[in-house]
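Peer 1: Take a look at this one; I'll ask things after.
Residue numbers (UniProt numbering): 1 to 369.
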């Protein structure tokens, strides 16, 4: 198996180049036809969970429609987005794993190359202000560009994807011009529309019906006594970073992991600031029971290993988050064996089985090739 390794400078160059390409692609699009008549897309009813904050994503700029979501779902599951036409978004983001890649520390990209980091879950994306482990993207509409154009993931060029999509209808597999017209009023296929459709589908990936959510809604029996005790312990020791109903504050932290051979410096790759070395985005914890392995490099296979790290294996460094340094100078969080067990029991109450089985998010079983 061939593993392609990137230097920090190579990755930074790739991000800068991607940003330039985004500006060029978005700047060169033809103006949308505002005079299209008889185009009446079907508004998709989307309701914010009552215990969630307001979404960050601006839905007024990309209103959800049944046609737009259907197009986005088709693209999400279509291998046409990759250079080899063998990998789709869903190849590394499986619904049964809350759209993560359960069991894989690193996902395989084109030609069997390994990705640099663990594939994060795709869920509740409308509330994310930043994306990816290093926070290199700040707009959901731009998120698909990274995996599509990453040479070890999908390895494709967005403009080439557009050209391939335009030809798909000739193969009588998926009539993309028809789907684009239904979603946007004309059959024009361009990168703006493709990304907006993908965003629409990802916005519908809302997980908010776990036992914890039922408990918050007033069903006291939704959580067992041990889970309630675990929630109390969690709030005391973990909620400063894994905050709110999304169980993340979307900040970047160095949580004391020992650097591996690849020496992934995390947020530093984006900012080039020494203070950001070895900091990674705080992940949300919903559906945590389905998204192993854990951390940006998938080094921990179980939740027990995660809590063992925080309670006794935190490595001190210049950028270690101060919250992991105790008053006596020791690192980590003091948790007994029994407390760890209760916290894990609580964490599993964040698992939303209905989300994993939601038929509206399932594959339409189509592929351009």
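Each residue gets a CB set at the ideal place from its N, CA and C atoms; glycine is no exception. The model shown is predicted, which means the values in this text are computed figures rather than measured ones.
Would residue 231 and residue 346 be called neighbours here (beta carbons separated by less than 7 Å)?
Peer 2: Numbered from its first residue, the chain shown carries residue 231 at position 231. Numbered from its first residue, the chain shown carries residue 346 at position 346. Yes. Within cutoff.
Peer 1: By DSSP, does residue 216 sit in helix, in strand, or in coil?
Peer 2: Your numbering for residue 216 matches position 216 in the chain shown. In the structure shown, residue 216 sits in a helix (DSSP, three-state: H, G or I).
Peer 1: Consult DSSP for residue 355 and reduce its assignment to one of helix, strand or coil.
Peer 2: The sequence position of residue 355 within the chain shown is 355, counting from 1. Residue 355 falls in the helix class under three-state DSSP.
Peer 1: So, at 8 Å on beta carbons, what are the nonlocal neighbours of residue 156 in its own chain, with the 5 sequence-adjacent residues on each side left out?
Peer 2: The sequence position of residue 156 within the chain shown is 156, counting from 1. Same-chain partners within the cutoff: 81, 82, 83, 148, 149.
Peer 1: Give the list of continuous alpha helix (DSSP H) stretches no shorter than 4 residues that lie fully inside the UniProt domain "Cytochrome c" (225-351).
Peer 2: Qualifying alpha helix (DSSP H) stretches, in chain order: 225-237, 268-271, 303-312, 337-347.
Peer 1: With DSSP collapsed to three states, give me the class of residue 362.
Peer 2: By one-based count along the chain shown, residue 362 stands at place 362. Reduced to three states, the DSSP call for residue 362 is coil.
Peer 1: Pop quiz: residue 183 and residue 65 are said to be a contact at Cβ under 8 Å. What is the actual Cβ separation, rounded to whole angstroms?
Peer 2: Counting from 1 along the chain shown, the entry for residue 183 is found at position 183. Counting from 1 along the chain shown, the entry for residue 65 is found at position 65. Their Cβ separation, rounded to whole angstroms, is 7 Å, which keeps residue 183 and residue 65 in contact under 8 Å.
Peer 1: Rank 90, 301, 214 by C-alpha distance to the C-alpha of residue 105 and give the top, closest one.
Peer 2: By one-based count along the chain shown, residue 105 stands at place 105. Among 90, 301, 214, the Cα nearest to that of residue 105 is on 301.
Peer 1: Rounded to a whole number of angstroms, what is the C-alpha to C-alpha distance between residue 167 and residue 186?
Peer 2: Taking the first residue of the chain shown as 1, we reach residue 167 at position 167. Taking the first residue of the chain shown as 1, we reach residue 186 at position 186. Each residue's alpha carbon lies about 16 Å from the other.
Peer 1: Relative to the C-alpha of residue 69, which candidate in 202, 40, 151, 130 has its C-alpha closest?
Peer 2: For the purposes of this step, residue 69 is identified with residue 69 of the chain shown, where counting begins at 1. The shortest C-alpha separation from residue 69 is found at 202.
Peer 1: Residues in its own chain within less than 6 Å of residue 131 by CB, not counting five upstream and five downstream?
Peer 2: Within the chain shown, numbered from 1, the residue matching residue 131 stands at position 131. Within the same chain, residue 131 has close Cβ partners 137, 143.
Peer 1: With a threshold of 16 other CB atoms inside 10 Å of the CB of residue 349, please say whether the residue is buried or exposed.
Peer 2: Here residue 349 is taken as the residue at index 349 of the chain shown, counted from 1. With 16 or more Cβ atoms within 10 Å of its Cβ, residue 349 is classed as buried.
Peer 1: With DSSP run on the structure shown, which of helix, strand or coil describes residue 211?
Peer 2: The residue you call residue 211 lines up with position 211 of the chain shown. DSSP places residue 211 in helix when its eight states are reduced to three.
Peer 1: Can you find at least 3 beta carbon pairs, one from the region 93-107 and one from the region 233-251, that sit closer than 8 Å?
Peer 2: As far as the Cβ criterion goes, the region 93-107 does not touch the region 233-251, which means the pair count is below three.
Peer 1: Tell me whether the beta-carbon of residue 329 lies closer than 7 Å to the beta-carbon of residue 314.
Peer 2: As a first step, residue 329 must be located in the chain shown, where it is residue number 329. As a first step, residue 314 must be located in the chain shown, where it is residue number 314. For residue 329 and residue 314, no; Cβs fall outside 7 Å.
Peer 1: For residue 299, is the beta carbon positioned less than 6 Å from some heavy atom of the ligand FAD?
Peer 2: What this structure holds is no ligand at all, so the ligand FAD is not there to describe.
Peer 1: Quick check: the Cα distance between residue 211 and residue 307, rounded to an integer number of angstroms?
Peer 2: Start at 1 with the first residue of the chain shown, and residue 211 comes out as number 211. Start at 1 with the first residue of the chain shown, and residue 307 comes out as number 307. In a straight line, the C-alpha of residue 211 is about 22 Å away from that of residue 307.
Peer 1: Check residue 105 in the structure and name its three-state DSSP category.
Peer 2: Reading the chain shown from its first residue, position 105 is the one you call residue 105. Looking at residue 105 - three-state DSSP - the assignment turns out to be coil, as it is neither helix nor strand.
Peer 1: Kindly identify the DSSP beta-bridge partner or partners of residue 137.
Peer 2: Within the chain shown, the letter at position 137 stands for residue 137. Residue 137 is bridged to 131.
Peer 1: Quick one: grab the DSSP three-state call for residue 43.
Peer 2: Residue numbering aside, residue 43 sits at position 43 when the chain shown is read from its first letter. Of the three classes helix, strand and coil, the one that applies to residue 43 here is strand, per DSSP.
Peer 1: Who are the near neighbours of residue 364 in its chain, counting only those whose CB is closer than 7 Å to its CB and skipping five residues on each side?
Peer 2: What you label residue 364 is simply residue 364 of the chain shown in a count that begins at 1. The residues are 73, 74, 77.
Peer 1: May I ask you to list the residues that DSSP assigns as paired with residue 65?
Peer 2: On the chain shown, position 65 is the one that residue 65 refers to. Paired residue(s): 43.
Peer 1: Taking the alpha carbon of residue 278 as the point to measure from, which residue in 343, 254, 355, 39 has its own alpha carbon closest?
Peer 2: Taking the first residue of the chain shown as position 1, residue 278 is located at position 278. When only C-alpha atoms are compared, the closest one is 254.
Peer 1: May I have the straight-line CA-CA distance separating residue 220 from residue 109, to the nearest angstrom?
Peer 2: One-based indexing of the chain shown puts residue 220 at position 220. One-based indexing of the chain shown puts residue 109 at position 109. Distance between the alpha carbons of residue 220 and residue 109: 45 Å.
Peer 1: How would you call residue 116, buried or exposed, if buried means at least 16 neighbouring beta carbons within 10 angstroms?
Peer 2: If you number the chain shown from 1, residue 116 lands on position 116. The residue is buried, with at least 16 neighbouring Cβ atoms inside 10 Å.
Peer 1: From the DSSP output, read off the bridge partner residues of residue 94.
Peer 2: Here residue 94 is taken as the residue at index 94 of the chain shown, counted from 1. Partner(s): 100.
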